[in-house]
Amino acid sequence: MYNVRRNAERVCASTDKNQWKEHGPVWMRKEYWIELCAIWGGEKWNKNSIKAKENRAAHPEANVHTSGSVSFATHKARLES
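Under the working numbering, the sequence shown has 42 at position 53, and the numbering climbs by one with no breaks.
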């Protein structure tokens, strides 16, 4: 959904979610897209988004999610040593 939102923002040249309503993805029903735009444009969503952004910036070490071919146990052991 991040890429879909970013594409709508780019196409509309605006961060205003109300302008995105006509530029939804082709694979999604229009009424669902309009509802998502309303949610993303709401005060509650923006408040939570700002708070999450502040939390990520305040604790960058807590946002390391790595796995790949190395197990989490191996990562943990490396970090503890």
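Every residue, glycine too, gets a C-beta built ideally from N, C-alpha and C.
In three-state DSSP terms, what is residue i?
i	result
HIS64	helix
VAL15	coil
ALA47	helix
ALA41	helix
VAL(-7)	helix
Indicate, with yes or no, if the ligand SAM has a heavy atom lying under 8 angstroms from the CB of residue i.
i	result
GLY31	By its list of ligands, the structure shown contains no ligand whatsoever, and the ligand SAM lies outside what it can speak to.
Here's the rule I'm using: 16 or more other beta-carbon atoms within 10 Å means buried, otherwise exposed. How should residue i be labelled?
i	result
LEU25	buried
ALA(-3)	buried
LYS40	exposed
GLY13	buried
For a quick check, are the C-beta atoms of residue i and residue j less than 9 angstroms apart?
i	j	result
TRP22	LYS10	yes
ASN17	VAL0	Per the sequence shown, residue 17 should be read as Met rather than Asn. No, these two residues do not count as a Cβ contact at 9 angstroms.
Over the uninterrupted alpha helix (DSSP H) stretch that includes residue i, give me the two end residues.
i	result
ALA2	ALA2 -> no alpha helix (DSSP H), and no H or E assigned at all.
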